[in-house]
Amino acid sequence: MSMDTYEKQITSLTDTPFGYTLSMIGGKWRLVILYWLVDYPVIRFNELQRKIGTITYKTLSAELKAMEADGLIIRREYPQIPPKVEYSLSEKGRSLYPLMEKMCEWGTEHREL
2 MSMDTYEKQI
12 TSLTDTPFGY
22 TLSMIGGKWR
32 LVILYWLVDY
42 PVIRFNELQR
52 KIGTITYKTL
62 SAELKAMEAD
72 GLIIRREYPQ
82 IPPKVEYSLS
92 EKGRSLYPLM
102 EKMCEWGTEH
112 REL
């Protein structure tokens with residue numbers, strides 16, 4: 002495919018690989034949630050909310066549902082009372098780890114102390 006043909010097919014940023022990646026990690030909370038799921042391979046909702054600290058129940062719930070729909074996380078519900086739900090990274094979610102590492106390296110190199 003020539004560059005001209007490729008450029009004509011792009012009607013917005015979301016049509017690009019960069020735009021797709023951005024849709025997976027963009028927003029205020031996605032990278033924060035991914036960060037904690039890297040450190041805690043399996044975590045319950047309330048524990049994740051405590052780790053993040055400033056996120057509301059409603060926002061965390063919505064983000065987790067969207068991330069599950071995008072295939073980034075796995076939600077496992079156990080049939081018991083009270084309900085027990087655990088979250089972990091999927092293979093797709095784990096594949097973002099090298100990108101997160103590069104972001105940390107960039108932050109280390111450019112952060113003014």
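Start counting the sequence shown at 2; every next residue gets the next number (the numbering used here). Note that beta-carbon positions come from the ideal geometry of N, C-alpha and C, so glycine has one too.
A distance below 6 Å between beta-carbons, with the five flanking residues on each side excluded, links Lys-59 to no residue of its chain. The DSSP assignment places 92–95 as complete runs of the alpha helix (DSSP H) inside the stretch 71–95, in order along the chain (cut-off: 4 residues). The C-alpha of Lys-52 lies about 13 Å from the C-alpha of Val-39. Where Leu-23 is concerned, the enclosing alpha helix (DSSP H) starts and stops at 18–26. Around the Cβ of Leu-100, a 10 Å sphere holds fewer than 16 other Cβ atoms; the residue is exposed.
For the pair Glu-78 and Val-43, the CB atoms are not nearer than the 7 Å cut-off. Fewer than three pairs of CB atoms, one per stretch, sit closer than 8 Å, so the stretch 10–20 makes no contact with the stretch 66–86. Membership of Ile-56 in any alpha helix (DSSP H) is not indicated, and neither H nor E is assigned to it by DSSP. Partner residues in the beta bridge of Ile-44, as assigned by DSSP, are Tyr-88.
Exclusion of the five residues before and after Leu-61 leaves Gln-50 as the residues of its chain whose Cβ lies within less than 6 Å of its Cβ.
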